[in-house]
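Chemist: Here the protein sequences come in this chain order: A and B. As numbered in our numbering, residues 357 to 913 make up the first sequence, in order. As numbered in our numbering, residues 7 to 271 make up the second sequence, in order. All C-beta atoms, glycine included, are put in the ideal place defined by N, C-alpha and C.
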Amino acid sequence: MSLYLLYESASGYALFNCHGIDEIGQNTEAVRNSVEDLTRFGKVVQLVGFNPFDSALDALNQINAVSEGQMTDELQNFLEANLPKVKETKKAKFSLGVAEPKLGSHILEVTKIPCQSNEFVLELLRGVRLHIDRFIENLKPGDLEKAQLGLGHSYSRAKVKFNVNRVDNMVIQAIFLLDTLDKDVNSFSMRVREWYSWHFPELVKIVNDNYLYAKVAKYVDNKSELSEDKLPGLIDLVGDEDKAKEIVEAAKASMGQDLSPVDLINVKLFAQRVMDLAEYRKKLYDYLVAKMSDIAPNLAALIGEVVGARLISHAGSLTNLAKCPSSTLQILGAEKALFRALKTRGNTPKYGLIFHSSFIGRASARNKGRMARYLANKCSIASRIDCFLDKNTTAFGDKLREQVEERLDFYDKGVAPRKNIDVMKVAIGNVDNEGVEVDVNGATAKSSAKKSKKKKSSEMDVEELPVEPSAKKSKKKKSTEMDVDEIPTEPSAKKSKKKKSAEMDVDEAPTEPSVKKSKKSKSKVDSVANGEEKQTAVTNGDGTGKKKKSRKSVQDS
Amino acid sequence: MRSILTAQQNLARLYSRQMCTSTYAQSSTRISSSSVQRGLVVPYRFEGVFIAKGKEDFICTRNLVPGEALYGEELIFVQNEGGTEVEYRVWNPLMSNLANAIMCGVTNIWVKPGSRILYLGDDVCQITLSHLSDLVGLDGLVYVVGLSDVAVKMAEKRPNVITVFQKPSCIGKYRMVVGMVDVIYADIHSDEVHTITSNIIYYLRAGGHYLVYTRASNIYSTTRGKDPFAYHHRQKEFTPIEAVMLEPIDREYAMAVGGFRMPEE
Numbered sequence: 357m358s359l360y361l362l363y364e365s366a367s368g369y370a371l372f373n374c375h376g377i378d379e380i381g382q383n384t385e386a387v388r389n390s391v392e393d394l395t396r397f398g399k400v401v402q403l404v405g406f407n408p409f410d411s412a413l414d415a416l417n418q419i420n421a422v423s424e425g426q427m428t429d430e431l432q433n434f435l436e437a438n439l440p441k442v443k444e445t446k447k448a449k450f451s452l453g454v455a456e457p458k459l460g461s462h463i464l465e466v467t468k469i470p471c472q473s474n475e476f477v478l479e480l481l482r483g484v485r486l487h488i489d490r491f492i493e494n495l496k497p498g499d500l501e502k503a504q505l506g507l508g509h510s511y512s513r514a515k516v517k518f519n520v521n522r523v524d525n526m527v528i529q530a531i532f533l534l535d536t537l538d539k540d541v542n543s544f545s546m547r548v549r550e551w552y553s554w555h556f557p558e559l560v561k562i563v564n565d566n567y568l569y570a571k572v573a574k575y576v577d578n579k580s581e582l583s584e585d586k587l588p589g590l591i592d593l594v595g596d597e598d599k600a601k602e603i604v605e606a607a608k609a610s611m612g613q614d615l616s617p618v619d620l621i622n623v624k625l626f627a628q629r630v631m632d633l634a635e636y637r638k639k640l641y642d643y644l645v646a647k648m649s650d651i652a653p654n655l656a657a658l659i660g661e662v663v664g665a666r667l668i669s670h671a672g673s674l675t676n677l678a679k680c681p682s683s684t685l686q687i688l689g690a691e692k693a694l695f696r697a698l699k700t701r702g703n704t705p706k707y708g709l710i711f712h713s714s715f716i717g718r719a720s721a722r723n724k725g726r727m728a729r730y731l732a733n734k735c736s737i738a739s740r741i742d743c744f745l746d747k748n749t750t751a752f753g754d755k756l757r758e759q760v761e762e763r764l765d766f767y768d769k770g771v772a773p774r775k776n777i778d779v780m781k782v783a784i785g786n787v788d789n790e791g792v793e794v795d796v797n798g799a800t801a802k803s804s805a806k807k808s809k810k811k812k813s814s815e816m817d818v819e820e821l822p823v824e825p826s827a828k829k830s831k832k833k834k835s836t837e838m839d840v841d842e843i844p845t846e847p848s849a850k851k852s853k854k855k856k857s858a859e860m861d862v863d864e865a866p867t868e869p870s871v872k873k874s875k876k877s878k879s880k881v882d883s884v885a886n887g888e889e890k891q892t893a894v895t896n897g898d899g900t901g902k903k904k905k906s907r908k909s910v911q912d913s
Numbered sequence: 007m008r009s010i011l012t013a014q015q016n017l018a019r020l021y022s023r024q025m026c027t028s029t030y031a032q033s034s035t036r037i038s039s040s041s042v043q044r045g046l047v048v049p050y051r052f053e054g055v056f057i058a059k060g061k062e063d064f065i066c067t068r069n070l071v072p073g074e075a076l077y078g079e080e081l082i083f084v085q086n087e088g089g090t091e092v093e094y095r096v097w098n099p100l101m102s103n104l105a106n107a108i109m110c111g112v113t114n115i116w117v118k119p120g121s122r123i124l125y126l127g128d129d130v131c132q133i134t135l136s137h138l139s140d141l142v143g144l145d146g147l148v149y150v151v152g153l154s155d156v157a158v159k160m161a162e163k164r165p166n167v168i169t170v171f172q173k174p175s176c177i178g179k180y181r182m183v184v185g186m187v188d189v190i191y192a193d194i195h196s197d198e199v200h201t202i203t204s205n206i207i208y209y210l211r212a213g214g215h216y217l218v219y220t221r222a223s224n225i226y227s228t229t230r231g232k233d234p235f236a237y238h239h240r241q242k243e244f245t246p247i248e249a250v251m252l253e254p255i256d257r258e259y260a261m262a263v264g265g266f267r268m269p270e271e
């Protein structure tokens, strides 16, 4: 009975015929010895056919099918073309060795080719794997590795659901460039001012804006030529008639020296450069806004594009930001102050990059810390929605923003804010109206899990509780797959049920990891302090007792 | 109850890792040659690993992607005879198990420039992966099997890393991508005992070696435990060579080194 071998490689399918088996027998030890040496192995096993994959896409389909244990049409055609025909009633006189029994049974079902996968076949396949590039003549030495590289990449990316539009790297680069540009534009503008002031010093005091200065400098050119007929143009530029007249007056009585035409041309060129850079900065800012609305719309709706982008770039990526606990998000950017305070057992900072959002500025001094914490909590939720929800929607971000506003009102005037569950119900309603399908099936199980997570901080909905702490935990544990096809609810539901039985308090259960964490961090901190290296602080003497009470009120509302 | 504790420990570990990476983000410091004793970088007894001598000695590898520090480690620039600059990356034993093993005195790691490695990881360590990729150089290959998106991102920068986003225990699923390897480096919780052994049987060439990072109790205890090699019916194929306790840094853990189908001598 002759034995054929099916070997799947990154470049294609290969079929081998082993005809030396009678001599070796079915002894694995002997096979092992012959495997090492190519010439001996070549006598045992010979290549019957090789079917290279047509394209990268085809290869991806094949590997997906093979990993599931299914046979594709291409494989079927290849096998039927190269193996001897199996007659209907008679039993086949050969068998096909495959690596995985599942694939073997599928092949048997469809093509009636008997398959075997035992230790003997495994040994032979090892030999094939070792010498594969020698068997196939068309393959040059590096080809197989490149094929493996490409196939591995595309397979992994497909699993990770790599979406080109939602690459957060663009935002990180854009925000870095924005900062660099700001610095550069500033230093260049200073240079223009100094340079042109040799010629026309009074202009510096009249026109304060850098960009405007560059424009005016370019327009005015030689100040001795500045006369009344240039006045209308100047008014257009500056926008203010008085200022334009001032400029003209100052030009007549100016103390600055004259410049030669060549020098003037150079200054003009430079001023033009500065204007171009400033315009480019505006365009870059628009690009950043557009990108943020692509990849993190809720975060952008909540705290603004720039602060959101800074948070993402500081954390490293959107997924990193989503994995952070909200307490980390609160002080992201104030690490120096944080670790200094931890080392010297002083007061840890209250806010980091979050400080630059408008809400913290609007809160009174007493409530800045509380607003920072609340805002960080909501930002955490928003970033998680952005990271894991497939649909692109700002409904949650808007609702979260409303909640923050309401809390600000509460601190100012004592107006009671709405309950969280109500707000989130509206948000989900909005999202549904936008056409998101929340179906029970695995595809959006994660998104529904994340949505139900907002419901979590209120008490209700026992059925959804097993889904979302599992989602949150599975995300935090990092050990479950990113593959949304497999619903990770069952084993983690068990875990959450165990958790629930351990603590009787149902509403505390889902917030337990975050509450425990904040309690841990609070035990390190004696009292609250101002963060943010730029600020020189007046320490806020809020005791931890007060903080805990206010925390409970956050939980309840 | 135990699951809650492990969940909390995982969260705490994630938090501390988060804090570490965010504090060290994006800034690489250049050690001036003067602080490294006139830029003295000597090869260590393993090929591809170097020691940078100075006030404190560091182990380092030659950087495959010059100018880039992954997690804020230090880059050492050394002047070559030809006048070109060679760049080395410091390998931190506190963060990487393999560096830890090297510091604890493993006799041989069997990973050389030009060799092929299969890295199996439940939780792929980005740092170890980057240094392995530096070690083997452009001639060698590192196959990474694990559920880690950071590895996929890193593979975009390094041309000798092939990532497979799959569980290491589903061996059949990635047999199309992975070829025969010289060394297998496994960082797996040994709950599924057969994972490492079946990966070895499929992908490790005869005479190859494996490095397993595992709990020390698995190696030395007499109970029928999680030692993957103790009760395998093909026991005679796996020859344990040594087990290095990763003492001061990582208590209770050890690196077990062994050979597969070593030729009779």
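Leaving aside the five residues before and after Asp-414 (chain A) along the sequence, list all residues of the same chain whose C-beta is less than 8 Å from its C-beta, in chain order.
Modeler: Locating residue 414 (chain A) in the first sequence gives position 58, counting from the first residue. Hits under 8 Å: Glu-430.
Chemist: Along chain D, which residues have their Cβ under 7 Å away from the Cβ of Arg-485 (chain A)?
Modeler: Of the protein chains in this structure, namely A and B, none is chain D.
Chemist: Can you pull the chain B neighbours of Gln-432 (chain A), defined as C-beta to C-beta under 8 Å?
Modeler: Within the first sequence, numbered from 1, the residue matching residue 432 (chain A) stands at position 76. Neighbours of Gln-432 (chain A) on chain B: none; closest Cβ ~17 Å, over 8 Å.
Chemist: Please state if the CB of Val-183 (chain B) and the CB of Ala-772 (chain A) are separated by a distance shorter than 9 Å.
Modeler: Mapped onto the first sequence, residue 772 (chain A) falls at position 416. Mapped onto the second sequence, residue 183 (chain B) falls at position 177. No, they are not a contact pair.
Chemist: Residues of chain B with a CB under 9 Å from the CB of Val-422 (chain A): which are they?
Modeler: As a working note, residue 422 (chain A) is residue 66 in the first sequence. What Val-422 (chain A) touches in chain B: Gly-178, Lys-179, Arg-181, Met-182.
Chemist: What residues in the region 142–168 of chain B have a beta carbon less than 7 Å from any beta carbon of chain A?
Modeler: Cβ contacts with chain A come from Leu-147, Leu-153, Asp-155, Val-158, Ala-161, Ile-168.
Chemist: Drop a sphere of 10 angstroms on the beta-carbon of Glu-661 (chain A), count the other beta-carbons inside from all chains shown, and report buried for 16 or more, exposed for fewer.
Modeler: Residue 661 (chain A) sits at position 305 when you count from the first residue of the first sequence. Label assigned to Glu-661 (chain A): buried.
Chemist: If distances are taken between C-alpha atoms only, which option among B:Tyr-208, B:Gly-185, B:Lys-61 comes closest to Ser-473 (chain A)?
Modeler: Position 117 of the first sequence, counted from the first residue, corresponds to residue 473 (chain A). Measuring from the Cα of Ser-473 (chain A), the nearest candidate turns out to be B:Tyr-208.
Chemist: Do we get a CB-CB distance below 9 Å when we pair Asn-207 (chain B) with the residues of chain A?
Modeler: Here the question's residue 207 (chain B) lines up with position 201 in the second sequence. One point to set straight first is that residue 207 (chain B) is Ile, not Asn, in the sequence displayed. Chain A contact via Cβ: present.
Chemist: Can you pull the chain B residues whose beta carbon is under 9 Å from the beta carbon of Ala-732 (chain A), in chain order?
Modeler: The sequence position of residue 732 (chain A) within the first sequence is 376, counting from 1. Near Ala-732 (chain A) there are no residues of chain B at all, since even the closest Cβ is about 14 Å away, more than 9 Å.
Chemist: My output table needs one value for Ser-553 (chain A): the three-state DSSP class, helix, strand or coil.
Modeler: Reading the first sequence from its first residue, position 197 is the one you call residue 553 (chain A). Looking at Ser-553 (chain A) - three-state DSSP - the assignment turns out to be helix.
Chemist: Can you find the residues in the same chain that come closer than 6 Å, C-beta to C-beta, to Gly-143 (chain B), ignoring five residues on each side of it along the sequence?
Modeler: As a working note, residue 143 (chain B) is residue 137 in the second sequence. Answer for Gly-143 (chain B): Pro-119, listed in chain order.
Chemist: Using a Cβ-Cβ cut-off of less than 8 Å, give me the residues of the region 207–221 of chain B that come near chain A, in sequence order.
Modeler: Of all residues in the region 207–221 of chain B, Ile-207, Tyr-208, Tyr-209, Arg-211, Ala-212 have a Cβ within less than 8 Å of some Cβ in chain A.
Chemist: So is Ile-488 (chain A) in contact with chain B if we call contact Cβ pairs under 9 Å?
Modeler: On the first sequence, residue 488 (chain A) is found 132 positions in, with the first residue counted as 1. Yes - at least one Cβ of chain B is within 9 Å of the one on Ile-488 (chain A).
Chemist: Spatial neighbours of Gly-425 (chain A) within its chain, please: C-beta separation below 7 Å, excluding the five flanking residues on both sides.
Modeler: Within the first sequence, numbered from 1, the residue matching residue 425 (chain A) stands at position 69. Answer for Gly-425 (chain A): Glu-456, Lys-458, Leu-459, His-462, listed in chain order.
Chemist: Whole angstroms is fine: what's the gap from His-555 (chain A)'s alpha carbon to Val-548 (chain A)'s?
Modeler: Residue 555 (chain A) sits at position 199 when you count from the first residue of the first sequence. Residue 548 (chain A) sits at position 192 when you count from the first residue of the first sequence. Those two C-alpha atoms are separated by around 11 Å.
Chemist: Buried or exposed for Phe-695 (chain A), please, with buried defined as at least 16 other CB atoms from any protein chain shown within 10 angstroms of its CB.
Modeler: Residue mapping note: residue 695 (chain A) aligns to position 339 of the first sequence, counting from 1. Phe-695 (chain A) should be labelled exposed.
Chemist: Using the Cα positions of Ile-716 (chain A) and Leu-620 (chain A), report the straight-line distance between them to the nearest angstrom.
Modeler: The sequence position of residue 716 (chain A) within the first sequence is 360, counting from 1. The sequence position of residue 620 (chain A) within the first sequence is 264, counting from 1. Whole-angstrom Cα-Cα distance: 48 Å.
Chemist: For Val-516 (chain A) and Asp-155 (chain B), which I take to be in contact (beta-carbon distance under 8 Å), what is that distance rounded to the nearest angstrom?
Modeler: For the purposes of this step, residue 516 (chain A) is taken as residue 160 along the first sequence, with counting starting at 1. For the purposes of this step, residue 155 (chain B) is taken as residue 149 along the second sequence, with counting starting at 1. Going by Cβ atoms, the distance from Val-516 (chain A) to Asp-155 (chain B) rounds to 5 Å, so yes, they are a contact pair.
Chemist: Looking only at its chain, what residues have a beta carbon closer than 8 Å to the beta carbon of Leu-126 (chain B), apart from the 5 residues adjacent to it on each side?
Modeler: Position 120 of the second sequence holds residue 126 (chain B). Cβ neighbours of Leu-126 (chain B) beyond the five flanking positions: Val-151, Gly-152, Pro-174, Ile-190, Tyr-191, Ala-192, Asp-193, Ile-194, Thr-201, Ile-202, Asn-205.
Chemist: Identify the contact partners of Thr-675 (chain A) in chain B, using a Cβ-Cβ distance below 8 Å as the criterion.
Modeler: Within the first sequence, numbered from 1, the residue matching residue 675 (chain A) stands at position 319. By Cβ distance, chain B contributes Asp-155.
Chemist: Mind checking if Ala-693 (chain A) is an interface residue toward chain B, Cβ cutoff 9 Å exclusive?
Modeler: Indexing the first sequence from 1 puts residue 693 (chain A) at position 337. Chain B contact via Cβ: absent.
Chemist: Can you give me, in chain order, the residues of the region 363–378 of chain A that have a beta carbon less than 8 Å from any beta carbon in chain B?
Modeler: So the close ones are Glu-364, Ser-365, Ala-366.
Chemist: How long is the line joining the alpha carbons of Asn-578 (chain A) and Leu-559 (chain A), rounded to whole angstroms?
Modeler: Here residue 578 (chain A) is taken as the residue at index 222 of the first sequence, counted from 1. Here residue 559 (chain A) is taken as the residue at index 203 of the first sequence, counted from 1. Distance between the alpha carbons of Asn-578 (chain A) and Leu-559 (chain A) is about 13 Å.
Chemist: On the premise that Tyr-511 (chain A) lies in contact with Leu-452 (chain A), defined as a C-beta separation below 8 Å, what is that separation, rounded to the nearest angstrom?
Modeler: By one-based count along the first sequence, residue 452 (chain A) stands at place 96. By one-based count along the first sequence, residue 511 (chain A) stands at place 155. Leu-452 (chain A) to Tyr-511 (chain A), Cβ: 25 Å. No contact.
Chemist: Check the C-beta distance from Asn-69 (chain B) over to Leu-81 (chain B) and give it rounded, since I have them as a contact under 8 Å.
Modeler: On the second sequence, position 63 is the one that residue 69 (chain B) refers to. On the second sequence, position 75 is the one that residue 81 (chain B) refers to. Right, their Cβ atoms sit about 7 Å apart.
Chemist: Could you check which residue in A:Glu-465, A:Gly-405, A:Ala-421 has the C-alpha nearest to that of Pro-440 (chain A)?
Modeler: On the first sequence, residue 440 (chain A) is found 84 positions in, with the first residue counted as 1. Here the closest residue by C-alpha is A:Gly-405.
Chemist: Measuring straight from C-alpha to C-alpha, what distance separates Leu-593 (chain A) and Pro-617 (chain A)?
Modeler: The residue given as residue 593 (chain A) occupies position 237 in the first sequence. The residue given as residue 617 (chain A) occupies position 261 in the first sequence. Cα-Cα distance, rounded: 23 Å.
Chemist: Is there contact between the region 130–138 of chain B and the region 491–500 of chain A, where contact requires at least three CB pairs shorter than 8 Å?
Modeler: Judged by Cβ distances under 8 Å, the region 130–138 of chain B makes no contact with the region 491–500 of chain A, as fewer than three pairs qualify.
Chemist: Taking the continuous alpha helix (DSSP H) assigned at Phe-752 (chain A), which residues delimit it?
Modeler: Along the first sequence, read from residue 1 onward, the residue named residue 752 (chain A) stands at position 396. It spans 751–769 - the alpha helix (DSSP H) in which Phe-752 (chain A) sits, taken as one unbroken run.
Chemist: List the residues of chain B whose Cβ lies closer than 7 Å to the Cβ of Ala-455 (chain A), in chain order.
Modeler: The residue labelled residue 455 (chain A) in the question sits at position 99 within the first sequence. Within chain B, the residues near Ala-455 (chain A) are Gly-178, Arg-181.
Chemist: Out of B:Arg-267, B:Phe-266, B:Ala-262, B:Ala-75, state which residue places its alpha-carbon closest to the alpha-carbon of Asn-106 (chain B).
Modeler: If you number the second sequence from 1, residue 106 (chain B) lands on position 100. Considering only alpha carbons, the answer is B:Ala-262.
Chemist: Could you list the residues in the region 494–508 of chain A with a C-beta less than 8 Å from some C-beta on chain B, going in chain order?
Modeler: So the close ones are Leu-500, Glu-501, Gln-504, Leu-505, Leu-507, Gly-508.
Chemist: Exposed or buried, what is Gly-589 (chain A) when buried is set at 16 or more other beta-carbons lying within 10 Å of its beta-carbon?
Modeler: Within the first sequence, the letter at position 233 stands for residue 589 (chain A). Per the 10 Å Cβ criterion, exposed.
Chemist: Taking the beta carbon of Leu-625 (chain A) as the centre, do at least 16 other beta carbons fall within 10 Å, making it buried, or is it exposed?
Modeler: Counting from one through the first sequence, the residue named residue 625 (chain A) turns up at place 269. Exposed, because fewer than 16 other Cβ atoms sit within 10 Å of the Cβ of Leu-625 (chain A).
Chemist: Lys-755 (chain A) and Val-782 (chain A) look like a contact to me (Cβ under 8 Å); what is the Cβ gap, rounded to whole Å?
Modeler: Translated into the one-based positions of the first sequence, residue 755 (chain A) becomes position 399. Translated into the one-based positions of the first sequence, residue 782 (chain A) becomes position 426. Correct: roughly 6 Å between the Cβ atoms.
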